[in-house]
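Peer 1: Residue numbers (this note's numbering), protein chains in the order written: chain A, 19 to 779; chain B, 991 to 1145.
Even for Gly, the Cβ is constructed at its ideal location relative to N, Cα and C.
Keep in mind it's a predicted model, so treat the numbers as computed, not measured.
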Amino acid sequence: MDGLQIIGKRIPKRDAPQKVTGSAVYIQDLKIPGMLYGKILYSKYPHARILKLDTSKAEKLPGVRAVVTATDIPATFRIGVMKDNPPLKTGKVLSTRDEIVAIAATTPEIAEEALSLIDVEYEELPGIFDPLEAMKEGAPLIHEEMKSNVLKMPWKLVCGDVEAAKKESAFIVEDTFSTPWVTHCCLGTSGCIAQFDTNNNLTMYSNTQIPSLAQNDYIDALAAFGLKNKRVRIVQSVIGGGFGSKLDTYAYEYIAILLARKTRKPVKIIFSREEEFFATSPRQCTITKISHGCDKEGKLTFREIDMILDNGAYTSWGATTPSVMMMPISSLYKVPNIKYVAKCVYTNNTYSQAMRGYGNPQATFAIESSLDQLAEKAGIDPYELRLKNANEPGEITPQHFKITSCGMKECIDEVVKRLNWKEKKGKGGNRGVGMASLIHVGGGARVYKSDGCGTIIKMDDFGKVDVFTGSTDIGQGSETIIAQIVAEVLGISIDDVNVVNNDTDVCPWDVGAHASRTTFVAGNSALGAAKKIKAQILEVAAKLLEEDPASLDIKNGVVFSTKNNEKNTPLGKALRKLHYTAGGKMLMAEYFYDPANENFDKEFKGNLSVSYAYGAHGVEVEVDKETGQVKILNYIAAHDVGKAINPLLLEGQIYGGGLQGIGYALGEKMIYEKGRLMNGNFLDYKMPTAKDVPPVQAVIIESDEQDGPFGAKGIGEPGLVPTAPAIANAIYDAVGVRIKDLPITPEKILKALKEKEGSTK
Amino acid sequence: MKQEIVFNLNGEAVRVEVEPEWTLLHFLREVYGLTGTKEGCGYGECGACTVIIDGKAINSCLYPVLEVAGKSVTTIEGLASKDGELHPLQKAFVEQGAVQCGFCIPGMIMSAKALLDEKEQPSEDDIKDSIAGNLCRCTGYVKIIDAIKTVAGGR
Ligand code: FES
Ligand code: FES
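1. Between Gly636 (chain A) and Ala66 (chain A), what straight-line distance do the alpha-carbon atoms span, to the nearest angstrom?
2. Please report the Cβ distance between Thr490 (chain A) and Pro229 (chain A), rounded to the nearest whole angstrom; I am assuming they are in contact, meaning their Cβ atoms lie under 8 Å.
3. Can you check the segment 531–594 of chain A for any beta strand (DSSP E) of at least 3 residues that lies completely inside it and give the ranges in chain order?
4. Inspect the CB distances between the segment 231–244 of chain A and the segment 259–278 of chain A and report whether three or more fall short of 8 Å.
5. Which residues of chain B have a Cβ atom closer than 9 Å to the Cβ of Tyr673 (chain A), listed in chain order?
6. Going by beta-carbon coordinates alone, are Leu1052 (chain B) and Gln993 (chain B) separated by less than 8 Å?
7. Look at the Cβ atom of His458 (chain A), then the Cβ atom of Ala742 (chain A), and state whether they are nearer than 8 Å.
8. Less than 8 Å between CB atoms is the rule here; does Lys37 (chain A) satisfy it with respect to chain B?
9. Output needed in chain order: residues of the segment 1017–1044 of chain B with a Cβ under 8 Å from some Cβ in chain A.
10. If I follow the unbroken alpha helix (DSSP H) through Arg251 (chain A), where does it start and stop?
11. Using a C-beta to C-beta distance shorter than 8 Å, which residues of chain A count as neighbours of Ala1122 (chain B)?
12. Taking the CB atoms as reference points, tell me whether Ile430 (chain A) and Ala297 (chain A) lie closer together than 8 Å.
13. Against chain B, with Cβ distances strictly below 8 Å, would Tyr44 (chain A) count as a contact?
14. Whether or not the segment 615–628 of chain A and the segment 511–531 of chain A are in contact is what I'm after, with contact meaning three or more pairs of Cβ atoms, one per stretch, closer than 8 Å; do they touch?
15. Taking a Cβ distance cut-off of 7 Å, strictly less, list which residues of the segment 995–1015 of chain B are near chain A, in chain order.
16. To which residues of the same chain is Val359 (chain A) closer than 6 Å at the C-beta, ignoring the five residues directly before and after it?
17. Any residues whose CB sits closer than 6 Å to a heavy atom of ligand 1? List them in chain order?
18. Measuring straight from C-alpha to C-alpha, what distance separates Ala129 (chain A) and Pro764 (chain A)?
19. Once the 5 residues before and after Val504 (chain A) are set aside, which same chain residues still bring their CB inside 6 Å of it?
20. Extract the residue ranges of the beta strand (DSSP E) inside the segment 241–288 of chain A, only unbroken runs of 3 or more that lie entirely within it.
21. So is Gln254 (chain A) buried or exposed if we call it buried at 16+ other beta carbons inside 10 Å?
22. Can you confirm whether the segment 998–1005 of chain B touches the segment 758–774 of chain A when touching is taken to mean that 3 or more C-beta pairs between the two stretches lie within less than 8 Å?
23. According to DSSP, which residues form a beta bridge with His458 (chain A)?
24. According to the neighbour-count rule (16 or more other Cβ atoms, all chains shown, within 10 Å of its Cβ), is Glu669 (chain A) buried or exposed?
25. Whole-angstrom Cβ separation of Leu508 (chain A) and Val558 (chain A), contact assumed at under 8 Å?
26. Locate the beta strand (DSSP E) running through Asp324 (chain A), then write down its first and last residues.
27. In terms of alpha-carbon separation, which member of A:Ile121, A:Gly260 and A:Lys110 lies closest to Leu59 (chain A)?
28. Please classify Pro284 (chain A): is it buried, with 16 or more other beta-carbons within 10 angstroms of its beta-carbon, or exposed?
29. What residues in the segment 483–505 of chain A have a beta carbon less than 8 Å from any beta carbon of chain B?
30. Could you tell me whether the segment 1121–1139 of chain B touches the segment 1092–1110 of chain B, using the rule of 3 or more Cβ pairs below 8 Å?
31. Do you know whose CA, among A:Glu293, A:Gly259, A:Asn574 and A:Ala241, lies nearest Ala531 (chain A)'s CA?
32. Do you know whose CA, among A:Met222, A:Leu403 and A:Arg251, lies nearest His310 (chain A)'s CA?
33. Grab me the residues of Arg1019 (chain B)'s own chain with a C-beta within less than 6 Å of its C-beta, minus the 5 sequence neighbours each way, in chain order.
34. Can you check which of these residues, A:Ile745, A:Ala730, A:Arg83 and A:Pro354, is closest to Thr281 (chain A) by C-alpha distance?
35. Under 7 Å: does the beta carbon of Arg1127 (chain B) sit that close to some heavy atom of ligand 2?
36. Cβ of Gly472 (chain A) within 8 Å of Cβ of Gly488 (chain A)?
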């Protein structure tokens, strides 16, 4: 891959100038003439019957243009992955984020005032807030029409024979780990503007991560609302953070649609920060029972996991995260025998969604903590244990993943070297080192029937190109990556590539910005389209230059003969000729890339991704035994990325993911008490600030993935996957206490230290 | 009842009528059309709304608009030169890869500017302190801190 001009370069993000000058337009900034403002009334109780609802006073408030309730939608209309969530509730409410009434008014202030004029009479019902309670025989049903509070999604993966392996294991450990609700904390809150034209076609201004799927959801909704066969256009404004929060469509979007339809005006709904905390869907909490075994030499023999996930009151993608958890469970290190069972359970809590890592952080916390326990029991250095069992290229894992490129050992070695592991491990003095590894999908993930993305490229009269991609830039920089790929293939300056990625009227189909798939899938799609249009350009130039197309190439925007440099023509000139000639034509190419990965079969086996990303994180901590405070002295994040298309942006993903992981490990937790969020603000919810940034090194390992665009794999999510267990392991090394319940707070450490002292006395 | 105030906004004198209950942020975004200043929380906890008032970085979401009378306010729109040349901080943020979704960035840059206007050579801790009230969920702050350092180091 020598001679690359643009790939591998530290090219600044192309939309950064707009963002640093304040001219980027987020959904918050967008106004449409005649626009009204929508606000939503949520349930006062986590579980209650609505006895009476009176909106008459609100309706009479000057400036109020529409009021909608459950009576404005067909009684059977439901949203969500299991279609269990009516966008406006009647009869029973199941959580404090249940939407009951919505108002559209001429100003947000009037809409807010109108909400306060609504009378709702409730009969409060006892709620269930603990999934273990909800699973008990005879527990009241959250959804009365269902037979059980356990979701009908039986997650079960069995590979080999765990029971037999247990008998043959020399060492076995077993323990239980748990993780809390945490939330995305996108700095730009959720929002949309719904607008109908005179023919009842809908335009949705939105910050979704899934334009094509959202389009489909809205079309279904319009049909249910009596507007059959309508067009839906989605225009994405600049997105103020995603991290998985915008992978589904939500009640507020349907409410905006209903209000816009009723008022015949554009209606904007923007969440307040308070709403963003309690009315968006967080990463679900888990309780994980895990056991691990190895033989005398430290070769892993089995891994068994039983997991319970709090689904909350309704179902979004959070319920499907066990599918991705299966990946580390079956395939992080070589483990021949696997058993995994997970249950998602309805409660009267908020309902969960995907968040960066899609279940992987929860599973990896249990796996990597447990592995350290096993290493201790077997008397092996945790690093040796990991290296001994590390994944390798060419391996086929028990879940039938085909491992192509794999830089796991290199990542582990980097961590050991840079942390000075051998010197520092087990040295006491309240200092300690810990590590943890990760596997994640790096070549798309076939979670839907398609994992595809389309690209269209057209050339203008001056040799500049417009690239229309289905992929969404949620801040990660996919626009820049795609521009780099196209510019590299076409031999033109990146400044001559314009990427259009925010309008379903012109952009091709894509399954969404999830599963760290955009660089890989949208990148390959752009690569395919660029190669196609390059062939067309060379064909045209060949005629002009009277050369064989095979001996032509493009560099710096000039088509030239590789045999005779004198024979050349600027790209623009060739294209103009084409446009201005009788019987002329225009150059345009399209390409749809759908990776050759597989849906899971009935046993949840199959090659989910065409390549897998690996990494290892290592951390040195110091624990203050008086206060329980943990200080990170050094943090190494080594990632096998295939090929760094843009190291500048890539490091940003590693640093950003890493700090989210540190937040997950040491501070973040949504505190729910009886279904109510007690810390729904930035003061009480401990998201890391600049003061929490430790000394950190991002280490990039390039393993050259055969199927990746220029060898690249995905890196969007991995940065936070192994952080929490690496820190937990380091704390154990430092002071000998293992915290099994995230976040690792000073209180928990002090308590554990006390218990430890008590037991050794 | 609206009241008239006069103040300096991004280097120019403005005379405007404002409602006493408006915050400066409301005035900037909803009335004056300067949407570069962001609202991330509306209650002083995220820093997305940071502007500079008489040399100090201030959360405009908590600042009553009446109080800017006679003062000098700089927003993110006031940083680049008239011909569009980016301010050194803006350039550094772009070049160092300090920007992802960008929602926190205007506030972040204003906090950094207030620091650099006050201190010629801030320490790393000074830099972290100056942006401790500016939350960013995307970047992990590393490249933001680097960008600010580059500007300080380059003068
Ligand atoms: S909007 Fe002012 S501090 Fe958050
Ligand atoms: S760049 Fe997204 S919040 Fe800072």
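Peer 2: Straight from the coordinates:
1. Counted from its first residue, the first sequence places residue 636 (chain A) at position 618. Counted from its first residue, the first sequence places residue 66 (chain A) at position 48. Distance between the alpha carbons of Gly636 (chain A) and Ala66 (chain A) is about 48 Å.
2. As a working note, residue 490 (chain A) is residue 472 in the first sequence. As a working note, residue 229 (chain A) is residue 211 in the first sequence. Between Pro229 (chain A) and Thr490 (chain A) the Cβ distance is about 6 Å, and since that is below 8 Å, they are a contact.
3. Scanning the segment 531–594 of chain A for uninterrupted beta strand (DSSP E) segments of 3 residues or longer gives 570–573, 576–579 and 586–588, listed from N- to C-terminal end.
4. Two segments are said to touch when three or more pairs of C-beta atoms, one from each, lie closer than 8 Å; by this definition the segment 231–244 of chain A touches the segment 259–278 of chain A.
5. Taking the first residue of the first sequence as position 1, residue 673 (chain A) is located at position 655. The answer, in chain order, is Thr1129, Gly1130, Tyr1131, Val1132 and Lys1133.
6. Here residue 1052 (chain B) corresponds to residue number 62 of the second sequence, with the count starting at 1. Here residue 993 (chain B) corresponds to residue number 3 of the second sequence, with the count starting at 1. No, they are not a contact pair.
7. As a first step, residue 458 (chain A) must be located in the first sequence, where it is residue number 440. As a first step, residue 742 (chain A) must be located in the first sequence, where it is residue number 724. Result no, Cβ atoms of His458 (chain A) and Ala742 (chain A) do not sit closer than 8 Å.
8. Position 19 of the first sequence holds residue 37 (chain A). Interface annotation, Lys37 (chain A): in contact with chain B, CB-CB separation under 8 Å.
9. Residues are counted here when their Cβ sits less than 8 Å from a Cβ of chain A; for the segment 1017–1044 of chain B these are Arg1019, Leu1024, Thr1025, Gly1026, Thr1027, Lys1028, Glu1029, Gly1030, Cys1031, Gly1032, Tyr1033, Glu1035, Cys1036 and Ala1038, given in chain order.
10. Within the first sequence, residue 251 (chain A) is the residue found at index 233, counting from 1. Careful: Arg251 (chain A) lies outside any alpha helix (DSSP H), inside the beta strand (DSSP E) at Val250 to Gln254.
11. Within the second sequence, numbered from 1, the residue matching residue 1122 (chain B) stands at position 132. Going along chain A in sequence order, the residues near Ala1122 (chain B) (Cβ under 8 Å) are Thr707, Ala708 and Lys709.
12. Reading the first sequence from its first residue, position 412 is the one you call residue 430 (chain A). Reading the first sequence from its first residue, position 279 is the one you call residue 297 (chain A). In this structure, Ile430 (chain A) lies away from Ala297 (chain A), with their beta-carbon atoms at least 8 Å apart.
13. Along the first sequence, read from residue 1 onward, the residue named residue 44 (chain A) stands at position 26. Output row for Tyr44 (chain A): interface = yes.
14. By the criterion of at least three beta-carbon pairs nearer than 8 Å, the segment 511–531 of chain A is not in contact with the segment 615–628 of chain A.
15. Answer set for the segment 995–1015 of chain B: empty.
16. The residue you call residue 359 (chain A) lines up with position 341 of the first sequence. Taken in chain order, the residues that qualify are Lys174 and Asp324.
17. Proximity to ligand 1 was defined by a C-beta distance below 6 Å to any of its heavy atoms, and the residues meeting it, in sequence along the chain, are B:Glu1029, B:Gly1030, B:Cys1031, B:Gly1032, B:Gly1034, B:Glu1035, B:Cys1036, B:Gly1037, B:Ala1038, B:Cys1039, B:Asn1049 and B:Cys1051.
18. For this step, residue 129 (chain A) is matched to residue 111 along the first sequence. For this step, residue 764 (chain A) is matched to residue 746 along the first sequence. Using only the alpha carbons, I get a separation of about 43 Å.
19. If you number the first sequence from 1, residue 504 (chain A) lands on position 486. Around Val504 (chain A): Val485, Val515, Ala544 and Ala548.
20. Correct list: 250–254 and 285–288.
21. Sequence index remark: in the first sequence, residue 254 (chain A) carries index 236 (1-based). When all chains shown are included, Gln254 (chain A) counts as buried.
22. Counting C-beta pairs with one atom in each stretch, the segment 758–774 of chain A and the segment 998–1005 of chain B have fewer than three that are closer than 8 Å, which means they do not touch.
23. As a first step, residue 458 (chain A) is located in the first sequence; it is residue number 440 there, counting from the start. Paired residue(s): A:Ala631.
24. Within the first sequence, residue 669 (chain A) is the residue found at index 651, counting from 1. The residue in question, Glu669 (chain A), is buried, as its Cβ has 16 or more Cβ neighbours within 10 Å.
25. Taking the first sequence and counting its residues from 1, the one referred to as residue 508 (chain A) is at position 490. Taking the first sequence and counting its residues from 1, the one referred to as residue 558 (chain A) is at position 540. The C-beta separation of Leu508 (chain A) from Val558 (chain A) comes to about 13 Å, leaving the pair out of contact by the 8 Å criterion.
26. Along the first sequence, read from residue 1 onward, the residue named residue 324 (chain A) stands at position 306. Counting along the chain, the beta strand (DSSP E) containing Asp324 (chain A) begins and ends at Leu318 to Gly330.
27. Taking the first residue of the first sequence as 1, we reach residue 59 (chain A) at position 41. Selected option, being the one with the closest Cα: A:Ile121.
28. For this step, residue 284 (chain A) is matched to residue 266 along the first sequence. Flag for Pro284 (chain A) reads buried.
29. Cβ contacts with chain B: Ile492, Gly493, Gln494 and Gly495.
30. As far as the Cβ criterion goes, the segment 1121–1139 of chain B touches the segment 1092–1110 of chain B, which means the pair count is three or higher.
31. Here residue 531 (chain A) refers to the residue found at position 513 of the first sequence. The residue with the shortest Cα to Cα distance from Ala531 (chain A) is A:Gly259.
32. Start at 1 with the first residue of the first sequence, and residue 310 (chain A) comes out as number 292. Out of A:Met222, A:Leu403 and A:Arg251, A:Leu403 has the C-alpha closest to the C-alpha of His310 (chain A).
33. Here residue 1019 (chain B) refers to the residue found at position 29 of the second sequence. Correct list, in chain order: Thr1025.
34. Translated into positions along the first sequence, residue 281 (chain A) becomes position 263. Nearest C-alpha to Thr281 (chain A): A:Arg83.
35. Residue 1127 (chain B) sits at position 137 when you count from the first residue of the second sequence. Checking the Cβ of Arg1127 (chain B) against ligand 2 gives yes.
36. Start at 1 with the first residue of the first sequence, and residue 472 (chain A) comes out as number 454. Start at 1 with the first residue of the first sequence, and residue 488 (chain A) comes out as number 470. Yes.
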